[in-house]
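Participant: My questions will all concern the structure given below.
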Amino acid sequence: MKAVTTQQMLEAGAEIILANTYHLFLQPGHEFVSRHGGLHKMIHWNRPLLTDSGGFQIFSLGHGGVANEIKGKCNCNRPKTLLKIDEGGAHFRSYVDGQRCYLTPEKSIEIQRGLGADLILTLDECTPFHAKKQHTEYSMERSHRWELRSFQEFERHSDGRQALYGIVQGGVYEDLRERSGHFVAEQEFFGQAIGGSLGETKEQMHDVVSMTCQYVCKTRPTHLLGIGGISDILNGVKNGIDTFDCVHPTRLARHGGALAHPDENDRKEYINLKNAQFSEDMRPIDENCSCYCCQNFSRAYIHYLFRAREMLGGQLLTIHNVTFMMRLAREIRSMIRNGNFSEKTHFRLPSQSK
RNA sequence: GGUGAGGUAUCCAAGUGGCUAAAGGAUGCAGACUGUAAAUCUGUCGAGCUUCGCUCUUCGAGCGUUCGAAUCGCUCCCUCACCA
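With the first letter of the first sequence counted as 1, position 83 gets the number 291 in this note's numbering; the numbers rise by one all the way through.
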């Protein structure tokens, strides 16, 4: 987690952290992590960990600009590091030292075994949004083959301490999602994750998630990869998603955004503390929030910290945003238990005017 | 008092006759951010308007040369450095 310690994550109420196979593989390397006795020990976290397979990074970086291509946006100003994908795996260049690397399903599982996360993912191929349907289909089929190989490699060394998730692909196409959902359900995965392109807009994403959830094994835990807006989570939960992971809360925090429940008349899910309107706002970000940031500091102070480019600003907002997400999850679980969950739930933010 | 350097938009700073409402920074104002190469990136930034374009006023001040001046000349004002 950028900008916060695992101790602070604990205090924020976090119960699980996602770590990244791709980045840890390139730097510092999974052997290095193993020498520490595994990820849990190295990062001082004795709760559950999930590792991504590395597929997303290879392909998103390969297409020249992180998630943009997969998400349907075009921002191609970064050097492309993906060299070649073949049936065996993905050839790519390390962005750290330029060295050629080869990630296969077996290698991904081996790395994740070395890292020692509790929940791990199969290697899949992430198809960009702009791919034609035929390509998406071909790519999905290859992902399926890779998932089988991942599973075999996983089984070969499994000591029962790790659990493997399969990944449902198929882009925005319902027939492909149906096939992929069924395929993953037929394998003996512990859980399943929904990956791949979810479309271009938020609306389409919600539709694709809802549609895909129909074809997913209902008795296994279901994870939605990479998604974490407030409304996205409410929509996902409505459709049966159990877990989410997302950089948005922490990245937003480092960029000056503080999560706040959306106003029913305003689709924005955060306030931008860098904005001039907060320069004299002495209230906490959210007076109902129990986090260290809201309990002790004003919006004006956070505003000043960002103005002064003090990294403490990003740290405090990260604490707030993670705390916020944890509270959101608790409230959702509570609503489900009480039988009154609604994805239309809105929580009013304290008035923004002074 | 002497000698030298210089005064450009909110600030710093290019520009030494037309392509200049004026490069580039910074600040300011706002936007983006969703399996993290992001404590990042983008837009905007003289004034006004009927704002995919038009009008007005700018480069210390004034006067002049020129078809045309931030750019050339003269006078004045003001900074800074060194020497007395």
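Beta carbons: idealized from backbone N, C-alpha and C, even for Gly.
(1) When the Cβ atoms of the region 251-270 are set against those of the region 287-300, are three or more pairs found closer than 8 Å?
(2) Starting from residue 376, follow its DSSP beta bridges and name the residues at the other end.
(3) Buried or exposed: which applies to residue 548, given that a residue is buried once 16 or more other Cβ atoms fall within 10 Å of its Cβ?
(4) Between 415, 325, 213, which lies nearest to residue 407 when the distance is taken from Cα to Cα?
(5) Determine the contact status of residue 334 and residue 389, defining contact as a CB-CB distance below 8 Å.
(6) Count the CB pairs spanning the region 531-538 and the region 496-512 that are closer than 8 Å, and state whether there are at least three.
(7) CB-CB under 6 Å to residue 413, same chain, minus the five flanking residues each way: which ones, in chain order?
(8) Using only the alpha-carbon positions, how far apart do residue 324 and residue 330 sit?
(9) Ends of the alpha helix (DSSP H) at residue 234?
(10) Report, in whole angstroms, the separation of the C-beta atoms of residue 508 and residue 490, which I expect to be a contact under 8 Å.
(11) List the DSSP bridge partners of residue 293.
(12) Here's the rule: buried if 16 or more other CB atoms are within 10 angstroms of the residue's CB, otherwise exposed. What is residue 449?
(13) Alpha carbons only, please: which of 211, 223, 545 is nearest the one belonging to residue 452?
(14) Can you give me the C-alpha to C-alpha distance between residue 422 and residue 221, rounded to a whole angstrom?
(15) State the start and end residues of the unbroken beta strand (DSSP E) segment that holds residue 414.
(16) Whose CA, out of 529, 307, 443, 430, lies closest to the CA of residue 411?
(17) By how many angstroms is the C-alpha of residue 504 removed from the C-alpha of residue 311?
(18) Going straight from the alpha carbon of residue 214 to that of residue 225, what length do you get?
Facilitator: The relevant details are as follows:
(1) Counting Cβ pairs under 8 Å, three or more are found: they touch.
(2) Within the first sequence, numbered from 1, the residue matching residue 376 stands at position 168. According to DSSP, residue 376 bridges with 402.
(3) Start at 1 with the first residue of the first sequence, and residue 548 comes out as number 340. Exposed is the call here.
(4) Looking up residue 407 in the first sequence gives position 199. Selected option, being the one with the closest Cα: 415.
(5) Your numbering for residue 334 matches position 126 in the first sequence. Your numbering for residue 389 matches position 181 in the first sequence. In this structure, residue 389 does not lie closer than 8 Å to residue 334 by Cβ.
(6) yes
(7) Position 205 of the first sequence, counted from the first residue, corresponds to residue 413. Cβ neighbours of residue 413 beyond the five flanking positions: 406, 407.
(8) Within the first sequence, residue 324 is the residue found at index 116, counting from 1. Within the first sequence, residue 330 is the residue found at index 122, counting from 1. Whole-angstrom Cα-Cα distance: 14 Å.
(9) Translated into positions along the first sequence, residue 234 becomes position 26. 229-234 is the span of the alpha helix (DSSP H), which, as asked, contains residue 234.
(10) Position 300 of the first sequence, counting from 1, holds the residue named residue 508. Position 282 of the first sequence, counting from 1, holds the residue named residue 490. Residue 508 to residue 490, Cβ: 6 Å. Contact.
(11) Start at 1 with the first residue of the first sequence, and residue 293 comes out as number 85. DSSP output for residue 293 lists 298 as bridge partner(s).
(12) Here residue 449 refers to the residue found at position 241 of the first sequence. So residue 449 ends up on the buried side.
(13) Counting from one through the first sequence, the residue named residue 452 turns up at place 244. The shortest Cα separation from residue 452 among 211, 223, 545 belongs to 223.
(14) Numbered from 1 along the first sequence, position 214 holds the residue referred to as residue 422. Numbered from 1 along the first sequence, position 13 holds the residue referred to as residue 221. Near 31 Å, if we compare the C-alpha coordinates of residue 221 and residue 422.
(15) Residue numbering aside, residue 414 sits at position 206 when the first sequence is read from its first letter. Note, residue 414: premise wrong, no beta strand (DSSP E); alpha helix (DSSP H) at 410-421.
(16) Within the first sequence, numbered from 1, the residue matching residue 411 stands at position 203. For the residues 529, 307, 443, 430, the minimum Cα distance to residue 411 belongs to 443.
(17) Against the first sequence, residue 311 aligns to sequence position 103. Against the first sequence, residue 504 aligns to sequence position 296. Rounded to the nearest angstrom, the two C-alpha atoms are 46 Å apart.
(18) Counting from one through the first sequence, the residue named residue 214 turns up at place 6. Counting from one through the first sequence, the residue named residue 225 turns up at place 17. Near 9 Å, if we compare the C-alpha coordinates of residue 225 and residue 214.
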